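Novice:
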Amino acid sequence: MSKGIHTEAVDYFFDAILTLETREECYKFFEDVCTINEILSIAQRLEVAKMLKEKRTYLEIAEKTGASTATISRVNRSLIYGQDGYEVVFSRIDTE
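Straight run, no breaks: the sequence shown in numbering that gives the first Met the number 0 ends on number 95.
1) Quick one: Cα of Tyr57 to Cα of Leu78, how far?
2) Helix, strand or coil for Asp14 per DSSP?
3) Just the C-alpha distance for His5 and Gly81, rounded to the nearest angstrom, thanks.
4) Going by C-alpha to C-alpha distance, which of Val47, Gly3 and Tyr26 sits closest to Ile38?
5) Is DSSP giving Cys33 helix, strand or coil here?
What follows is the structure, encoded as structure tokens:
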């Protein structure tokens, strides 16, 4: 886990996220906290990760998501060498 983000402020931010109970609450909170582009960028990375997991090509992913090959490559590195955060989310979404 990256020590660079481990701060009391980030802990508080994550605790705040964990209190959200509905998609509508998430929309309200994130629209207040983030810019639209920040939200869309994070959502795009999650979609890219899902498509990489499905073994889609970079070209397919770029065409569908509008992500640059640099973004796709960065997400791919996170999937391979990261903290398995995407896998945690995917395993929980897939079981719902």
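Using N, Cα and C, we set each Cβ at its ideal position, and we do this for glycine too.
Please read all numbers here as calculations on a predicted model, not as lab measurements.
Specialist: Once the coordinates are examined:
1) So the two alpha carbons sit approximately 14 Å from each other.
2) Reduced to three states, the DSSP call for Asp14 is helix.
3) Each residue's Cα considered, the two are about 16 Å apart.
4) Nearest of Val47, Gly3 and Tyr26 to Ile38, Cα basis: Tyr26.
5) It is coil, neither helix nor strand.
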